[in-house]
Amino acid sequence: MHPLVDARVEPIPAHENENAIVTSLYTDAFAPAVATLGHTLNSINSTARRIMIYLPDKVSRRAVCIASVSGFVPHPVARIPPPHSGVHRHFLDQYSKLQLWTLDSIGVKSLVYVDADMLAYHNFDELFSLPYSFGAVPDVYLDGRGYSVGFNAGMLFLRPSTEVFQDMVSKIATARYPAEDAEQSFLNHYYGKEAVRLPYAYNANLAIKKRSPELWADLRKEARLVHYTLVKPFLQGDYAEVPLEMMHKNAQSKMRVHGGVLREEVAEWEESWSETEAMYGDGFATCHLSS
């Protein structure tokens, strides 16, 4: 298997403060996941600054505190409502992700967006030197769509532009695209064939393991980011929040989903949470006091 990045490439841009790894927080339930993602990012030695966009009207001060304890700097943004009142309630805030394109206003020239339900395993700073304006990883489904040409919006490379943002917002309600997947459908429509398709290693979707354990075994060696699409160890029930003291028990209960095929990955998330809890426990306690 060939290495993902050619050793001759010089991946680190000169002005690292202009590069950012960005995540989002739209609900309190995802705060522990953001903290855990941040902890794994600390281990890969990225040179980029770190930003968390969040909705101040939707997220508590306590959740913002928990999410930022491992290094993300909170950045409030305005909610972008879905057109036609949306479809699924879990996606009602997802169009707010388009606010990523406004981060040029705070000096960001290139960014890698990472959903909170991901873990980082290897440095991916090479993405910041891409000579493109937008890139993402093709999606993978368990149903007949299989390995799709359309991309998954859980990880994005982009160059922020408020001008592009304004154009997007002007077209959300009138563009023709399937509304079921919210901003992901819109971005696939907006960029279409112009989006650079990145290797699966930058968004290692657990659906790949479910479809092909053999492919996953090879991919996992090079994976920069693993995406917990099929199971979320930090949530219970219908996207309900899990108390921090119940996180281990909750994660262990998720090891049986999909017939136990994802047990190893759930255990890896729980281990990352254990490290996060041990390293930032005092910070979590302070967050509780500030609520």
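Per our numbering, the sequence shown starts with residue 122, numbered consecutively.
Yeah, the Cβ is synthetic: ideal placement off N, Cα and C, and Gly gets one too.
Please read these numbers as outputs of a predicted model, since none were measured by experiment.
Spatial neighbours of residue i in its chain, beta-carbon cut-off 6 Å, leaving aside the 5 residues before and after
i           : result
residue 374 : none
residue 229 : 141, 281
residue 345 : 243, 245, 322, 323
C-alpha gap between residue i and residue j, whole angstroms
i           : j           : result
residue 336 : residue 387 : 19 Å
residue 238 : residue 295 : 30 Å
residue 404 : residue 389 : 22 Å
residue 168 : residue 246 : 7 Å
residue 292 : residue 286 : 10 Å
residue 223 : residue 380 : 42 Å
residue 113 : residue 407 : Absent from the structure is residue 113, since the part of the chain shown begins at 122 and ends at 412.
residue 152 : residue 353 : 13 Å
residue 376 : residue 391 : 10 Å
residue 328 : residue 351 : 7 Å
residue 288 : residue 214 : 19 Å
residue 145 : residue 234 : 8 Å
residue 202 : residue 165 : 35 Å
residue 382 : residue 284 : 44 Å
residue 330 : residue 365 : 28 Å
residue 199 : residue 176 : 6 Å
residue 276 : residue 397 : 22 Å
residue 163 : residue 400 : 12 Å
residue 180 : residue 147 : 6 Å
residue 263 : residue 159 : 29 Å
Sequence-distant residues of its chain with Cβ nearer than 8 Å to residue i (five each side left out)
i           : result
residue 297 : 310
residue 363 : 150, 153, 355, 356, 357, 371
residue 394 : 153, 157, 354, 355, 368, 369, 372
Enclosing beta strand (DSSP E) for residue i [first to last residue]
i           : result
residue 272 : 268-279
residue 224 : Taken as a continuous stretch (DSSP letters only), residue 224 belongs to no beta strand (DSSP E), as it is neither H nor E.
residue 310 : Counting along the chain, residue 310 falls outside any beta strand (DSSP E), though it belongs to the alpha helix (DSSP H) covering 303-312.
residue 145 : 140-146
residue 170 : 170-175
Beta bridge counterpart(s) of residue i as assigned by DSSP
i           : result
residue 241 : 346
residue 201 : DSSP, once it has assigned bridges, lists no residue as partnering residue 201.
residue 196 : 174
residue 234 : 143, 277
N- and C-terminal bounds of the alpha helix (DSSP H) containing residue i
i           : result
residue 286 : 283-292
Any C-beta of chain B under 8 Å from that of residue i
i           : result
residue 308 : Looking for chain B here will not work: only one protein chain is present.
Residue i Cβ short of 7 Å to the ligand SAH heavy atom set
i           : result
residue 355 : The ligand SAH is absent from the structure shown, which contains no ligand whatsoever.
7 Å CB neighbourhood of residue i in its chain, flanking five on each side removed
i           : result
residue 272 : 257, 258, 259, 260, 309, 316, 318
residue 270 : 259
(request) Ignoring anything shorter than 3 residues or poking outside the region 317-405, list the beta strand (DSSP E) runs there in chain order. (result) Correct list: 346-348.
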